[in-house]
Amino acid sequence: MDYIKNYSLEGKIAWITGASYGIGFAIAKAMAGAGATIVFNDIRQELVEKGLDAYKAEGILAHGYVCDVTNEEEVNATVAKIGQEVGVVDILVNNAGIIKRVPMIEMAAKDFRQVIDVDLNAPFIVSKAVIPNMIKKGSGKIINICSMMSEFGRETVSAYAAAKGGLKMLTRNIASEYGEYNIQCNGIGPGYIATPQTAPLRETQPDGSRHPFDQFIVSKTPAGRWGEASDLGGPAVFLASQASDFVNGQILYVDGGIQAYIGKQPS
3 MDYIKNYSLE
13 GKIAWITGAS
23 YGIGFAIAKA
33 MAGAGATIVF
43 NDIRQELVEK
53 GLDAYKAEGI
63 LAHGYVCDVT
73 NEEEVNATVA
83 KIGQEVGVVD
93 ILVNNAGIIK
103 RVPMIEMAAK
113 DFRQVIDVDL
123 NAPFIVSKAV
133 IPNMIKKGSG
143 KIINICSMMS
153 EFGRETVSAY
163 AAAKGGLKML
173 TRNIASEYGE
183 YNIQCNGIGP
193 GYIATPQTAP
203 LRETQPDGSR
213 HPFDQFIVSK
223 TPAGRWGEAS
233 DLGGPAVFLA
243 SQASDFVNGQ
253 ILYVDGGIQA
263 YIGKQPS
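So the sequence shown is numbered by our numbering: it starts at 3 and just counts up by one.
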C-alpha cells in the first residue's frame, strides 16, 4: 500500500473558521496543498475579501463567507449555503478565537463571557451544525484549535484558559458521542507561534536586547525558537486525513517541546 495516499485530502471540503490570516490561513494553505477544497469565514466582509486576495496570491481557489460563529442562525444558514455552493463539509477546523489579557479581578464578566462565547460556544455551535451531514455521509473530521492553556494557567488569561480547557473536553466528548459514525474529533494545541498578534512580544528592545517575554519563551522551549504558523500545517493535514482514522479525542500539542521540559537550572 502507498501510505502517502492516506494523507491526501483530494475530494474533501475543508471549512476553517476565521481563516483570513494567521494560523487558520496557514492550516488552510496546508490542506489545499494536500488537495482539499477550502472554505473559510470571517465576521466582516472586508476580512473575507482580504482573505480571498491572500488565497488568490497563493494560487488557491477558496470560498469565503461572512459568518459570526457565535450566532447559531448565521452558522446554520452558512452551512446550508456551503452545501449548495460547494458541497458537504468533510473537515471542520474550529480556529476562530480571541484572547483578552486582563488580571481576573479586573476583568468584567461581560468580557469573560465574550471569550467563552467565541472560544468555546462557537466550536459547539459550528460542530453541531456540520455533524448531521457527517453522520449521513458516514465520515467526518473535526479539529479544534485548543492551546497550551488547555492544560496550564497563566497570569491574565483566566477566560482564555477556561475556554480552551472546556474546548479540550468538548473535543473528547464529540469523539465519545460520534465516533461510532466514523467521525473523528481531535485538537491541536499550538505552542507560542510567531504571528502579527505576538509580534510586540518579540520586538528588539531599545538597548538591543530581546523582549523579556521572548527570552522567557525561547528558554522554555527545547526547540529554542517560537513556532511558525506553517508548523501547524502537517499536524492539521494528518488529523484531517485517513491516516488518523483511529485517532479520536486527542489533543496534539505542537509546542516545540515546552510541555515536556521543566526548564534549565538557573546558573
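Beta carbons: idealized from backbone N, C-alpha and C, even for Gly.
Within the region 80-160, the runs of beta strand (DSSP E) at least 3 residues long that lie entirely inside it are, in chain order, 93-96 and 142-147. For Cys187, the pairing in a beta bridge is given by DSSP as Ile144. Three or more beta-carbon pairs separated by less than 8 Å are not found between the region 163-179 and the region 202-214, which leaves the two stretches without contact. Nearest to Ser10 by C-alpha distance, out of Ala32, Ser22, Val132 and Ala28, is Ala32.
Shown here, Ile219 sits in a helix according to DSSP, grouped into three states. Note on geometry: alpha-carbon atoms of Gly142 and Gln116 lie some 29 Å from one another.
Comparing C-alpha distances from Gly258 to each of Ser243, Ala245, Gly265 and Gly229 shows the shortest one belongs to Gly229.
Between the alpha carbons of Ile84 and Val256 lies a distance of about 30 Å. Judged by beta-carbon spacing, Asn146 lies within the 9 Å limit of Asn188, meaning their Cβ atoms are closer than that value. One Cα belongs to Val88, the other to Glu48, and the distance between them is close to 21 Å.
Exclusion of the five residues before and after Thr158 leaves Arg103, Val104 and Pro105 as the residues of its chain whose Cβ lies within less than 7 Å of its Cβ.
DSSP places Tyr57 outside any beta strand (DSSP E); the residue lies instead in the alpha helix (DSSP H), whose first and last residues are Gln47 to Ala59. Rounded to whole angstroms, the gap between the alpha carbons of Gly168 and Gly155 is 13 Å. Assignment of Val77 by DSSP, reduced to helix, strand and coil, places it in the helix class. Beta-bridge partners of Glu230 (DSSP): Ala196.
Here the alpha carbons of Gly226 and Glu108 stand approximately 34 Å from one another. Here Gly99 is buried, its C-beta having at least 16 other C-beta atoms within 10 Å.
With respect to Leu234, Ile190 sits close: the two C-beta atoms are nearer than 9 Å. Taken atom to atom, the span from the alpha-carbon of Ser129 to that of Met151 is near 21 Å. When C-alpha distances from Gly251 are compared across Ile185, Gln261 and Lys222, the shortest belongs to Ile185.
One alpha carbon belongs to Tyr57, the other to Trp17, and they sit about 14 Å apart.
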